[in-house]
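Residue numbers (my numbering): 54 to 622. Structure first, commentary second.
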RNA sequence: CGGGAUGUAGCGCAGUCUGGUAGCGUACCUGCUUCGGGAGUAGGGGGUCGGAGGUUCAAAUCCUCUCAUCCCGACCA
């Protein structure tokens with residue numbers, strides 16, 4: 054392509070509304086423009102990058118037997134009512150009506166549609182398994198879209214769905230998917246981790262997230278550097294406590310006055326005890342009412358873990374108002390002793406003796422509290438959020454590190470959640486009818502490109518990984534109106550086209566500085582700079598975007614070296 | 001949805017407090033010079049000051065409503 058013919062509106066200054074570097078650079082590089090909040094137009098340079106990501110995805114999906122389809126973006130409400138998500142999905146689901154006043158939504162995901170297709174067409178175990186995928190525009194009406202294309206409302210996503218006769222076969226495909234995802238993100242040049250994840254509203258039993266490590270990420274990823282275990286922090290496992298011997302003479306339960314001492318710090322300071330001797334009692338609310346969660350004073354309760362332990366539909370911290378409505382609860386003085394709510398306790402509590410809790414009356418705490426003797430726990434479990442430095446639950450000596458991550462991919466085993474509700478069934482060898490077991494697997498295409506920029510940029514602009522670069526090579530004439538220079542540029546350009554290397558020839562009449570700044574900004578991995586002085590000495594300049602290193606090479610011999618130079622990048 | 005902020009030329013901003021002919025930088029067009037890291041110079045085009053209503057002799061500026069965008073939080077994944 055010739056630069057003068059391409060629509061690449063680059064900008065010197067960052068737009069005022071951009072916060073993260075990838076957003077700023079994508080706008081400055083002329084890749085995207087905002088149309089409305091969270092809705093972006095993709096310009097030619099941006100589209101080239103997205104197509105590169107898509108192509109890598111297609112190759113890896115096809116490799117494991119995925120078949121590409123293209124499903125409607127507008128979906129009828131009936132389907133969502135069948136899966137019970139019409140009511141459950143909430144305001145994120147963009148609902149629309151047609152001229153007959155029939156209800157539809159703009160698809161935020163496609164489990165319903167794909168399940169509908171498969172249940173109509175697939176009847177026998179002989180037709181299973183099947184893996185279908187698409188690359189589609191989705192819409193999720195996020196409360197607060199941000200970070201440009203990284204978290205828009207409208208976005209491009211690859212979503213794949215697999216259907217199986219049993220769980221074991223699903224797991225097989227799941228692990229193939231995990232491998233394919235690793236391949237994809239590796240080919241995209243990303244530094245990522247496969248982490249254990251919660252399945253959220255998509256539902257299902259088993260799930261991993263692919264997170265690109267970057268400070269601008271919205272997820273906290275906990276991982277162990279010795280054994281490689283990694284998990285979304287919201288469900289990263291904590292190591293169970295070592296068995297502790299109870300003291301020979303446990304203290305008696307004793308009530309102490311603690312006026313105005315509500316927080317763990319205040320109580321610990323007042324009683325001159327470490328925070329770990331205090332037990333925090335957190336009141337949460339789910340569809341069945343209030344429950345109490347216990348964690349050590351120096352720990353934080355993790356509602357996601359507690360929700361999973363209880364197995365309830367939803368669970369949120371109860372507000373002060375809900376707490377004060379319940380007789381016997383006093384904010385800041387809540388404790389498990391004599392509490393008429395189900396009590397769930399973190400496993401650390403099991404190893405604790407002679408601790409302090411609220412006394413369920415204003416301005417008082419108990420000391421010398423013992424589990425079992427003074428109160429009953431409905432269930433113990435791993436209920437706390439792990440922190441940097443906590444011991445890894447999967448190896449002996451490892452400790453948790455925590456970094457921010459951008460979720461670029463997510464894979465789930467859905468089980469029969471959708472197939473049973475929507476009657477996607479097949480007949481097995483015995484002629485018995487069963488619900489198909491499903492998996493679902495998503496990749497944010499635009500987000501992957503944005504994440505690549507978050508990880509690969511410098512103060513001059515984007516530094517594209519070779520496989521995502523909109524062009525692999527940019528040819529920059531110092532002066533394209535010079536016949537010798539033009540001739541050399543055209544020769545190189547034509548030759549690169551012949552051997553299948555995508556290159557961009559900056560034929561604009563601008564000064565060299567302008568062209569170099571733009572080349573740096575848009576991040577083409579290899580720059581070839583051709584000027585009359587060097588050329589008359591039989592040389593041209595080759596410059597690596599990433600390292601900013603340049604060297605003179607003999608022309609025209611250098612042309613045939615270019616594929617090799619690119620390979621080395 | 002709660003808290004905060006901002007809408008003035010394509011982009012980045014000043015002007016608003018204290019009402020009085022709409023400005024700067026950049027980008028764009030033309031001429032001349034320049035030409036290996038965002039040139040210099042002279043000239044030029046481009047604005048319903050987000051929208052509606054109000055106060056006033058007079059509103060970008062004051063008042064009311066409204067729309068949009070962004071930030072923090074909650075939410076989502």
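Just so you know, even glycine gets a beta-carbon here, dropped at the ideal spot from N, CA and C.
Go ahead and label residue i buried or exposed: buried means 16 or more other beta carbons lie within 10 angstroms of its beta carbon, across all protein chains shown.
{"i": "residue 384", "result": "exposed"}
{"i": "residue 182", "result": "buried"}
{"i": "residue 540", "result": "exposed"}
{"i": "residue 141", "result": "exposed"}
{"i": "residue 567", "result": "exposed"}
{"i": "residue 418", "result": "buried"}
{"i": "residue 203", "result": "buried"}
{"i": "residue 355", "result": "buried"}
{"i": "residue 558", "result": "buried"}
{"i": "residue 119", "result": "buried"}
{"i": "residue 82", "result": "buried"}
{"i": "residue 94", "result": "exposed"}
{"i": "residue 60", "result": "exposed"}
{"i": "residue 461", "result": "buried"}
{"i": "residue 518", "result": "buried"}
{"i": "residue 426", "result": "exposed"}
Can you find the residues in the same chain that come closer than 8 angstroms, C-beta to C-beta, to residue i, ignoring five residues on each side of it along the sequence?
{"i": "residue 585", "result": "531, 532, 535, 537, 538"}
{"i": "residue 310", "result": "416, 417"}
{"i": "residue 407", "result": "300, 303, 304, 330, 420, 421, 422, 423"}
{"i": "residue 288", "result": "249, 250, 251, 355, 357, 358, 361"}
{"i": "residue 592", "result": "605, 606, 607, 608"}
Apart from the five residues just before and just after residue i, which ones in its own chain have a Cβ nearer than 7 angstroms to its Cβ?
{"i": "residue 414", "result": "383, 386"}
{"i": "residue 376", "result": "336, 382, 384"}
{"i": "residue 312", "result": "416"}
{"i": "residue 487", "result": "478, 479, 481"}
{"i": "residue 64", "result": "80, 81"}
In three-state DSSP terms, what is residue i?
{"i": "residue 608", "result": "coil"}
{"i": "residue 84", "result": "coil"}
{"i": "residue 123", "result": "coil"}
{"i": "residue 291", "result": "coil"}
{"i": "residue 183", "result": "strand"}
{"i": "residue 201", "result": "helix"}
{"i": "residue 285", "result": "strand"}
{"i": "residue 73", "result": "coil"}
{"i": "residue 150", "result": "strand"}
{"i": "residue 300", "result": "coil"}
{"i": "residue 508", "result": "helix"}
{"i": "residue 564", "result": "coil"}
{"i": "residue 530", "result": "strand"}
{"i": "residue 317", "result": "helix"}
{"i": "residue 400", "result": "helix"}
{"i": "residue 587", "result": "helix"}
{"i": "residue 366", "result": "coil"}
{"i": "residue 166", "result": "helix"}
{"i": "residue 93", "result": "strand"}
{"i": "residue 311", "result": "coil"}
{"i": "residue 477", "result": "coil"}
{"i": "residue 423", "result": "coil"}
{"i": "residue 433", "result": "strand"}
{"i": "residue 542", "result": "helix"}
{"i": "residue 596", "result": "strand"}
{"i": "residue 499", "result": "helix"}
{"i": "residue 470", "result": "helix"}
{"i": "residue 616", "result": "helix"}
{"i": "residue 339", "result": "strand"}
{"i": "residue 444", "result": "strand"}
Residues in its own chain within less than 6 angstroms of residue i by CB, not counting five upstream and five downstream?
{"i": "residue 77", "result": "67, 71"}
{"i": "residue 123", "result": "187"}
{"i": "residue 248", "result": "262, 264, 274, 283, 284, 285"}
{"i": "residue 331", "result": "317, 320, 321, 350, 409"}
{"i": "residue 448", "result": "279, 280"}
{"i": "residue 434", "result": "362"}
{"i": "residue 162", "result": "none"}
Please look up how many angstroms separate the CB atoms of residue i and residue j, rounded, as I've assumed it's under 8 angstroms.
{"i": "residue 457", "j": "residue 272", "result": "7 angstroms"}
{"i": "residue 228", "j": "residue 184", "result": "Their Cβ separation, rounded to whole angstroms, is 13 angstroms, which puts residue 228 and residue 184 out of contact at 8 angstroms."}
{"i": "residue 91", "j": "residue 126", "result": "No, residue 91 and residue 126 are not in contact; Cβ-Cβ is about 16 angstroms, not under 8 angstroms."}
{"i": "residue 546", "j": "residue 528", "result": "6 angstroms"}
{"i": "residue 431", "j": "residue 390", "result": "Not confirmed; about 15 angstroms, so no contact."}
Is residue i a contact residue of the ligand ZN, with contact defined as CB to any heavy atom under 7 angstroms?
{"i": "residue 362", "result": "Summarising the ligand content, the structure contains no ligands, and the ligand ZN is consequently not present."}
Going residue by residue through the stretch 219-278, where are the continuous alpha helix (DSSP H) segments of at least 4 residues, counting only ones entirely within it? For the stretch 219-278, whole alpha helix (DSSP H) runs of length 4 or above, ordered along the chain, are 220-240.
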